[in-house]
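Here the sequence shown stands for residues 38 to 343, where the numbers follow my numbering.
Notes to accompany the following structure.
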Amino acid sequence: MTTKAPTFTQPLQSVVALEGSAATFEAHISGFPVPEVSWYRDGQVLSAATLPGVQISFSDGRAKLVIPTVTEANSGRYTVQATNGSGQATSTAELLVTAATAPPNFSQRLQSMTARQGSQVRLDVRVTGIPTPVVKFYRDGVEIQSSPDFKISQEGDLYSLIIAEAYPEDSGTYSVNATNNVGRATSTAELLIQGEEEAVPAKKTKTIVSTAQISETRQARIEKKIEAHFDARSLTSVEMVLEGAAAQQLPHKAPPRMPPRPTSKSPTPPIIAAKAQMARQQSPSPVRQSPSPVRHVRAPTPSPVR
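In structure tokens, the structure reads:
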């Protein structure tokens, strides 16, 4: 397996803690080989020696720091650093310790929305409260864990659920629960992911159009069959009339009758002799067609003797 530099799939989130309560920082880290993790407060390395009672752990890509009982002195900037042979990554967040308390409150609630399949969807809420509320996202009552497909992020009091590429099966009822030791608040909204434009609408339109086309096609076929039937009958009648007229005007086109078989044993059948006789009668005389080149000179008439 190739090496991979550390990256934060879920960075640290800032915390507002009530004095005397616990404060927890957590981050999700990926990388290969498994990175080494270090914690800092305002640039100083944190350990059980520098911060008595602190709990630091790193397992299955989750880096966690817990201060069981915070005081105002624990306020500051906390940083987690992940390092391996391929690189290094860091994430930083704030810890604010206060003596006041306030239940969770949504200054910006979830908004229902409709999006297209394949698009990126972002659901945002703004939550305040002292101590900092624990914020969780749900879909149809099932908690959503931060992942490459469903990323949960925080920037101050802004909490976001980002769906990298939405599909119709991501549609549903989304809710956000914000809880601290003073109270709890919930915000709910509907998300509808529409399929591709040609999916559902096209199928409905296609069904309606095809039904109409089938009716029109059937009607057209019936009309064509009727027209073809009448055209065939008309054509047959015309052909019969034409053939009758042709038979009257052109008798020579009638099929010839077979002549009777000759009874004479003469080498020349009568029909051939008749045809030869007709040919002689119809053909001009060769003398008439080609007059003889010999000129006939009439002899002088002798005069009578006296």
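For every residue, glycine included, the Cβ atom is placed at its ideal position computed from N, Cα and C.
Open item on the list: Does proline 141 come out as helix, strand or coil in the three-state DSSP assignment?
Closed with: Numbered from its first residue, the sequence shown carries residue 141 at position 104. In this structure, proline 141 counts as strand in the three-state DSSP scheme.
TODO: May I have the straight-line CA-CA distance separating threonine 120 from valine 71, to the nearest angstrom?
DONE: Locating residue 120 in the sequence shown gives position 83, counting from the first residue. Locating residue 71 in the sequence shown gives position 34, counting from the first residue. Computed Cα separation, rounded: 9 Å.
Task: Contacts around tyrosine 204, its chain only, beta-carbon distance under 7 Å, and the 5 residues preceding and following it disregarded - done: For the purposes of this step, residue 204 is identified with residue 167 of the sequence shown, where counting begins at 1. Contacts found: Gln154, Ile230.
Open item on the list: My output table needs one value for asparagine 217: the three-state DSSP class, helix, strand or coil.
Closed with: Against the sequence shown, residue 217 aligns to sequence position 180. Coil at asparagine 217, not helix or strand.
TODO: List the DSSP bridge partners of glycine 122.
DONE: Looking up residue 122 in the sequence shown gives position 85. None, per the DSSP bridge assignment.
Open item on the list: Using a Cβ-Cβ distance cut-off of 8 Å, determine whether threonine 151 contacts chain B.
Closed with: The displayed structure is made up of one protein chain only, and chain B is not part of it.
Task: Opposing strand residues paired with tyrosine 115 [DSSP bridges] - done: Locating residue 115 in the sequence shown gives position 78, where the first residue counts as 1. Its beta-bridge partners are Arg78, Ala130.
TODO: Examine the Cβ distances between the stretch 168-176 and the stretch 83-101 and report whether three or more of them are shorter than 8 Å.
DONE: Touching, no, given that fewer than three Cβ pairs across the two stretches are closer than 8 Å.
TODO: Give a yes or no on contact between the stretch 44-51 and the stretch 120-133, applying the rule of three or more CB pairs nearer than 8 Å.
DONE: Result yes; three or more Cβ-Cβ pairs closer than 8 Å.
- [ ] Apply the 10 Å Cβ neighbour rule to leucine 55 and answer buried if 16 or more other Cβ atoms are within range, or exposed otherwise.
- [x] Counting from 1 along the sequence shown, the entry for residue 55 is found at position 18. For leucine 55, the number of other beta carbons within 10 angstroms of its own is at least 16, and it is reported as buried.
Task: Burial state of alanine 64, where buried means 16 or more other Cβ atoms lie within 10 Å - done: To locate residue 64, count along the sequence shown from 1; it is residue 27. Answer is buried; the Cβ neighbour count reaches 16.
Open item on the list: Let me confirm a value: serine 7 is counted as buried when at least 16 other C-beta atoms fall within 10 Å, else exposed. Which label applies?
Closed with: Because the chain in this structure spans residues 38 to 343, residue 7 falls outside the shown range and cannot be described.
Task: Residues near asparagine 137 by beta carbon distance below 7 Å, same chain, minus five either side - done: Numbered from 1 along the sequence shown, position 100 holds the residue referred to as residue 137. Checking the displayed sequence, the identity of residue 137 turns out to be alanine instead of asparagine. Correct list, in chain order: Ile167.
Open item on the list: What does the Cβ neighbour count give for alanine 86, buried or exposed, with the cut at 16 atoms within 10 Å?
Closed with: Locating residue 86 in the sequence shown gives position 49, where the first residue counts as 1. Result: exposed.
Task: alanine 60 versus asparagine 217 - alpha carbon distance - done: What you label residue 60 is simply residue 23 of the sequence shown in a count that begins at 1. What you label residue 217 is simply residue 180 of the sequence shown in a count that begins at 1. For alanine 60 and asparagine 217, the distance between alpha carbons rounds to 12 Å.
Task: Inter-residue spacing [alpha-carbon to alpha-carbon] between leucine 228 and methionine 150 - done: Looking up residue 228 in the sequence shown gives position 191. Looking up residue 150 in the sequence shown gives position 113. If you take the alpha carbons of leucine 228 and methionine 150, they lie about 5 Å apart.
Task: Where leucine 195 falls, given that 16 or more other Cβ within 10 Å makes a residue buried - done: Within the sequence shown, the letter at position 158 stands for residue 195. Leucine 195 sits exposed, since fewer than 16 C-beta atoms from the chains shown fall within 10 Å of its C-beta.
Task: Per-residue burial, arginine 159 [other beta carbons within 10 Å of its own, 16 or more giving buried] - done: Walking along the sequence shown from the start, residue 159 turns up at place 122. Under a 10 Å Cβ-count criterion, arginine 159 is classified as exposed, with fewer than 16 other Cβ atoms of the shown protein chains found around its own Cβ.
Open item on the list: Residues in the same chain with beta-carbon distance under 7 Å from glutamate 233, minus the five sequence neighbours each way, listed in chain order, please.
Closed with: Position 196 of the sequence shown holds residue 233. The beta carbon of glutamate 233 sits closer than 7 Å to the beta carbons of Gln154 from its chain, once the five residues preceding and following it are set aside; these are given in chain order.
Task: Under 8 Å between C-beta atoms of serine 183 and arginine 163 - done: What you label residue 183 is simply residue 146 of the sequence shown in a count that begins at 1. What you label residue 163 is simply residue 126 of the sequence shown in a count that begins at 1. Going by C-beta atoms, serine 183 is not nearer than 8 Å to arginine 163.
Open item on the list: Can you tell me whether alanine 110 is helix, strand or coil according to DSSP?
Closed with: Position 73 of the sequence shown holds residue 110. Three-state DSSP puts alanine 110 in a helix.
- [ ] Let me know the secondary structure DSSP gives aspartate 360 once reduced to three states.
- [x] Nothing in the structure corresponds to residue 360, since the chain is present only between 38 and 343.
Task: CA nearest to the CA of threonine 108, picked from Trp76, Gly122, Thr135, Val82 - done: Within the sequence shown, residue 108 is the residue found at index 71, counting from 1. Selected option, being the one with the closest Cα: Thr135.
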